[in-house]
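Be aware that the sequence shown starts at 8, since it is given in our numbering, and climbs by one per residue.
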Amino acid sequence: MSTFTIDTATSRATPTPVPGKRVTAPSLRARKVEGKTDQPIVALTAYTMRMAQLLDEHCDLLLVGDSLGQVIYGLPSTIPVTLEMMIAHGAAVVRGSWHALVAVDMPFGSYEGSPEQAFASCSRVMKETGCAAIKLEGGEAMAPTVRFLTERGIPVVGHVGLTPQAVNTLGGYGARGRGDAEAAKILGDARAISDAGAFCIVLEGVMEELATRISREVAAPIIGIGASADCDGQILVTDDMLGLFERTPRFVKRYDNLAEQISNAARSYAEEVRSRTFPSADQTYRPKSD
């Protein structure tokens with residue numbers, strides 16, 4: 008599938024094919040040698056073509072997360088997200104990028120029933136988006152599915168620890184691994200998914216000491232979110248990192264405050280419209296002078 012850039016000479020998104028070599032699943036997996044990753048994996052979420060363009064050169068991995076349910080659609084959780092939503096946004100992100108590996112989240116209910124169900128859903132996503140990998144949540148119970156998919160040509164990003172699709176079972180979004188039993192389970196989940204063939208694993212919302220241990224003891228690269236700086240990489244929801252929401256989780260560092268900037272720009276626009284100072288001569292069409 009062709010990769011794309013945008014023709015900036017037009018005022019519309021006009022994709023034109025350009026050559027480019029993307030980061031691959033094997034190359035990310037190969038960064039971790041004997042429990043250590045010298046070059047941490049940089050990952051962010053992306054849901055649109057334009058955001059993918061802006062993030063692509065800085066990232067190794069762009070995740071089309073099912074967090075789009077909350078970030079884009081205002082849903083109360085990721086659970087209502089559909090396969091069609093993920094495909095539409097996944098295709099947009101692929102079109103807007105050329106460098107980073109694009110992985111697409113599998114939404115709740117699209118893969119848990121059986122390995123065969125998972126393969127049908129994942130293969131559809133890869134065909135219709137052009138993405139290079141999928142991500143699915145779950146630990147030891149999902150290991151047979153991860154193995155089934157990887158043996159059939161579908162690269163898998165795992166996801167253990169705090170798994171948002173299981174929020175009703177977990178009882179909330181609190182950090183996991185506080186007790187010895189739960190910590191041991193999360194470590195076992197990560198090992199099982201790694202052994203089954205996941206080329207990297209997102210580790211979300213776990214105690215720092217546990218995250219460090221998992222990163223050192225599990226073969227696959229561990230990408231942390233609310234975990235530890237010792238992980239093999241990091242991922243954040245881009246909209247949180249950019250400060251597009253007033254409230255952000257504790258583990259998010261806000262690198263900008265775009266919400267304020269956007270609000271200020273909209274205020275200036277509104278004032279100019281109401282005062283009839285916009286549009287001016289620079290933004291209107293007039294006969295050319297001789």
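Think of the CB as a built atom: it goes at the ideal place given N, C-alpha and C, for glycine as much as any other residue. None of these values were measured; they are calculated from a predicted model.
Strictly by DSSP, which residues pair up with V209?
Numbered from 1 along the sequence shown, position 202 holds the residue referred to as residue 209. V209 pairs with H166 and I230.
Label A288 either buried or exposed according to how many other C-beta atoms from any shown protein chain fall within 10 Å of its C-beta, with 16 as the threshold for buried.
Numbered from its first residue, the sequence shown carries residue 288 at position 281. So A288 counts as exposed.
Euclidean distance between Cα positions of L68 and S34
Within the sequence shown, residue 68 is the residue found at index 61, counting from 1. Within the sequence shown, residue 34 is the residue found at index 27, counting from 1. C-alpha separation (whole angstroms): 11 angstroms.
How long is the line joining the alpha carbons of I86 and P294, rounded to whole angstroms?
Reading the sequence shown from its first residue, position 79 is the one you call residue 86. Reading the sequence shown from its first residue, position 287 is the one you call residue 294. So the alpha carbons of these two residues sit roughly 56 angstroms apart.
For R102, the nearest candidate out of E144, S296 and M58 (CA to CA)
Counting from 1 along the sequence shown, the entry for residue 102 is found at position 95. When only C-alpha atoms are compared, the closest one is M58.
When burial is assigned at 16 or more other CB atoms within 10 Å of the CB, is Q77 buried or exposed?
Stepping through the sequence shown from its first residue, residue 77 is reached at position 70. It is buried - the Cβ of Q77 has at least 16 other Cβ atoms within 10 Å.
Can you list, in chain order, the residues of its chain whose CB lies under 6 angstroms from that of L194, leaving out five sequence neighbours each side?
Numbered from 1 along the sequence shown, position 187 holds the residue referred to as residue 194. Within the same chain, L194 has close Cβ partners I221.
For N264 and L251, I'd like the C-alpha separation in whole angstroms.
Here residue 264 refers to the residue found at position 257 when the sequence shown is read from its first residue. Here residue 251 refers to the residue found at position 244 when the sequence shown is read from its first residue. When rounded, the distance between both Cα atoms is 7 angstroms.
Residue range of the alpha helix (DSSP H) that A191 falls in?
Taking the first residue of the sequence shown as 1, we reach residue 191 at position 184. Element bounds for A191: D187 to A203.
Just to check my reading of the structure: A50 and V71 have Cβ atoms closer than 8 angstroms, yes? What is that Cβ distance to the nearest angstrom?
As a first step, residue 50 is located in the sequence shown; it is residue number 43 there, counting from the start. As a first step, residue 71 is located in the sequence shown; it is residue number 64 there, counting from the start. Their Cβ separation, rounded to whole angstroms, is 12 angstroms, which puts A50 and V71 out of contact at 8 angstroms.
Selected residue, minimal CA-CA separation from L75, among T89, E147, G186 and A150:
Mapped onto the sequence shown, residue 75 falls at position 68. Of T89, E147, G186 and A150, the residue nearest in Cα terms is T89.
With distance defined between alpha-carbon atoms, name the residue in V164, E147 and G146 nearest to V111.
For the purposes of this step, residue 111 is taken as the residue at position 104 of the sequence shown. It is V164.
Opening and closing residue of the beta strand (DSSP E) in which I48 lies:
In the sequence shown, the residue the question calls residue 48 occupies position 41. Unbroken beta strand (DSSP E) run through I48: I48 to T52.
DSSP state of V225, grouped into three classes?
One-based indexing of the sequence shown puts residue 225 at position 218. In this structure, V225 counts as coil in the three-state DSSP scheme.
Given this structure, state the Cα-to-Cα distance separating L143 from I79, to the nearest angstrom.
For this step, residue 143 is matched to residue 136 along the sequence shown. For this step, residue 79 is matched to residue 72 along the sequence shown. Looking at the two C-alpha atoms, the distance is approximately 20 angstroms.
Look up D63 in the DSSP assignment and say whether it is helix, strand or coil.
Taking the first residue of the sequence shown as position 1, residue 63 is located at position 56. It is helical.
Taking 8 angstroms as the limit between beta carbons, can you name the residues of its chain near M214, skipping five residues before and five after?
Within the sequence shown, residue 214 is the residue found at index 207, counting from 1. A182, R183, G184, R185 and A190.
Taking only runs that begin and end inside the segment 75-163, name each unbroken alpha helix (DSSP H) of 4 or more residues, in chain order.
75-78, 90-102, 122-136 and 150-157
Enumerate, from N- to C-terminal direction, the unbroken beta strand (DSSP E) stretches of 3 or more residues contained entirely within the segment 241-278.
none
Can you grab the Cα-Cα spacing for the pair P24 / I230, in whole Å?
Stepping through the sequence shown from its first residue, residue 24 is reached at position 17. Stepping through the sequence shown from its first residue, residue 230 is reached at position 223. Bear in mind that the predicted position of P24 carries a pLDDT of just 46, short of 50, making it too unreliable to give a figure here.
Output the distance between the C-alpha atoms of M382 and M113, rounded to the nearest integer angstrom.
It is not possible to answer for residue 382, since the shown part of the chain is limited to 8 through 297.
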